[in-house]
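With numbering that gives the first Met the number 0, you'll find the sequence shown wraps up at 88, consecutive numbering, no jumps.
Just so you know, even glycine gets a beta-carbon here, dropped at the ideal spot from N, CA and C.
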Amino acid sequence: MDFWLLDVKSLINVKGKDVCFDYINTYYESNDAIKEAMLLSENEDVLEVSVHHWILKDDGTQMHAEKGDASDVPYSFLNRNHRELKEGA
0 MDFWLLDVKS LINVKGKDVC FDYINTYYES NDAIKEAMLL SENEDVLEVS VHHWILKDDG
60 TQMHAEKGDA SDVPYSFLNR NHRELKEGA
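In structure tokens, the structure reads:
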């Protein structure tokens, strides 16, 4: 069974301090994962968003799809305007 992981890395400001907030969501349709990733890419607190194609094998193990083309990671976004990247530049 194929599934897609939406990986989000963000930095939010809580009471004047930057706090890392990273999470992963699972989707069964690549279009749903990509749509959500594109919406999250518009958030100024989000540093990086990516969608990864994974496979659940019959024996219950999981593996990253390795077709060697864009379908393995159909969406990737790095916010070069994020405050962390600006400060570190």
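Alpha-carbon spacing of residue i relative to residue j, whole angstroms
i, j, result
"residue 28", "residue 59", "19 Å"
"residue 70", "residue 63", "11 Å"
"residue 65", "residue 7", "21 Å"
"residue 17", "residue 44", "10 Å"
"residue 33", "residue 53", "14 Å"
"residue 37", "residue 57", "31 Å"
"residue 24", "residue 61", "15 Å"
Proximity below 8 Å, CB of residue i to CB of residue j
i, j, result
"residue 49", "residue 26", "no"
"residue 39", "residue 2", "no"
Environment of residue i [buried if 16+ CB atoms lie within 10 Å]
i, result
"residue 9", "buried"
"residue 30", "exposed"
"residue 77", "exposed"
Counterpart residues of residue i in DSSP-defined beta bridges
i, result
"residue 70", "Answer by DSSP bridge pairing: none, since residue 70 is not bridged."
"residue 1", "54"
(message) Threshold first: 4 residues or longer. Then list the alpha helix (DSSP H) segments lying entirely within the region 8-51, N to C.
(response) Qualifying alpha helix (DSSP H) stretches, in chain order: 29-40.
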